[in-house]
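Numbering (UniProt numbering), first residue to last: 1 to 144.
We put the beta carbon where it would ideally sit given N, CA and C, even for glycine.
No experiment lies behind these values; they were computed from the predicted model shown.
Only one structure is covered here, and it is reproduced in the block below.
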Amino acid sequence: MSDSAIIPCPSCSSLNRIPTARLREAPRCGHCKAEVLPGAPFELGQGNFSAQLKGDLPLLVDVWAAWCGPCRSFAPTFSQAAGELRTRCRLGKLDSEAHQQLSAQLGIRSIPSLILFRDGKEVARQSGALPLPQLLAWLNSQGV
Ligand SMILES: [Zn+2]
């Protein structure tokens with residue numbers, strides 16, 4: 001593993017270079033001072049999506065909508081996973097109602113949908129919610 005990682009700030013999308021040894025020390029964005037790895041999901045949308053695909057950590061996207069019951073019941077699991085994976089994977093939520101064009105570009109046919117990106121490219125996709133152990137196992141099988 002390299003001794004530093006490039007990570008976009010979840011708040012302002014600025015790229016931060018963070019020493020790998022300091023990933024667990026709640027690093028803050030050099031630009032806006034927000035936590036770079038908050039251990040919680042952050043909001044994705046048309047405005048920040050391509051910027052958030054950058055960097056050295058994989059990005060797991062939960063495509064959801066407020067009217068979708070399974071999406072709402074999956075939300076706490078997704079948040080827990082964000083805490084578990086804090087320094088290994090970034091977790092973002094994409095509201096498919098608020099960002100219909102982006103959802104269409106991603107080819108979303110059902111929600112919730114989980115899409116894993118690495119180096120800016122989709123590497124895996126899962127339709128439907130998973131319990132936390134299965135979610136972590138699925139990500140593990142993808143090298144997260
Ligand atoms: Zn920032």
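Does the distance between the C-beta of residue i and the nearest non-hydrogen atom of ligand 1 fall short of 8 angstroms?
i	result
Ala34	yes
Ser2	no
Ser14	yes
Cys71	no
Cys89	no
Ser127	no
His99	no
Cutting at 6 angstroms between CB atoms, please list the residues of its own chain near residue i, excluding the five before and the five after it.
i	result
Val36	Ile7, Cys9, Asn16, Pro27, Cys29
residue 174	The chain is shown only over 1 to 144; residue 174 falls outside these bounds and no answer can be derived.
Tell me the rounded alpha-carbon separation between residue i and residue j.
i	j	result
Arg125	Arg86	20 angstroms
Val63	Arg24	27 angstroms
Leu53	Leu130	23 angstroms
Val144	Pro41	16 angstroms
Gly55	Pro70	30 angstroms
Thr77	Asn140	16 angstroms
Below 8 angstroms CB to CB, which residues in the same chain sit around residue i once its five sequence neighbours on both sides are set aside?
i	result
Ala66	Arg72, Asp95, Glu97
Arg109	Ser127
Cys68	Ile111, Pro112
I'd like the list of long-range same chain contacts for residue i, defined as Cβ closer than 7 angstroms, with 5 residues on each side in sequence excluded.
i	result
Ile18	Ser4, Ala5, Ile7, Pro27, Val36
Ala82	Gly39, Ala40, Pro41, Leu91
Mind pulling the beta strand (DSSP E) runs of 3 or more residues that sit fully within the region 95-125? 113-118
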